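These notes are about the structure you will find just below.
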Amino acid sequence: MEMDQALQALQALYNASDPTTKKQADDWLTKFQQTPAAWQVSDAILSRPDLPVQFRFFAAQTMRTKVQFDFYELPAEQYGNLRDSLLNYIDGFRAPEHAPIHTML
236 MEMDQALQAL QALYNASDPT TKKQADDWLT KFQQTPAAWQ VSDAILSRPD
286 LPVQFRFFAA QTMRTKVQFD FYELPAEQYG NLRDSLLNYI DGFRAPEHAP
336 IHTML
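Start counting the sequence shown at 236; every next residue gets the next number (our numbering).
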């Protein structure tokens, strides 16, 4: 459910022509980044090469913010999984066209 909502909001943010729609999407995404569900949704978006680069940049930015400010939300038994995922993503986003994502991670 959250994944679908996040993808719809990202679609609206980057593709809607109406400024009000873009603002609503941005507001929703900003609030979403502060929820515990953002961990899993960001991970899922980063793992989808079929999604636009902008969506994956948003996911990388969210993941970075979660690690910096909301690390306490993550159960200790998930630390190793997070580390492994981040290292895989860092390695996977080495191509020049993915430099902003690589840097964010």
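All residues carry an ideal CB built from backbone N, CA and C; glycine is no exception. As the structure is a prediction and not an experimental result, all values here were calculated from the model.
Counting C-beta pairs with one atom in each stretch, the stretch 287-294 and the stretch 309-318 have fewer than three that are closer than 8 Å, which means they do not touch.
Ranked by Cα distance from Q268, the first of L245, A251, K257, T256 is L245.
Apart from sequence neighbours up to five positions away, the residues of its chain that approach F328 with a beta-carbon distance below 6 Å are I336, H337, ordered along the chain. F267 carries a helical assignment under DSSP once its states are collapsed to helix, strand and coil.
Residue state for S320 is assigned as helix, using DSSP reduced to three classes.
By the beta-carbon neighbour count (other beta carbons within 10 angstroms, threshold 16), L340 is buried. Restricted to the stretch 244-306, the alpha helix (DSSP H) segments that are unbroken, complete and at least 4 residues in length are 254-267, 272-281, 288-304, listed in chain order.
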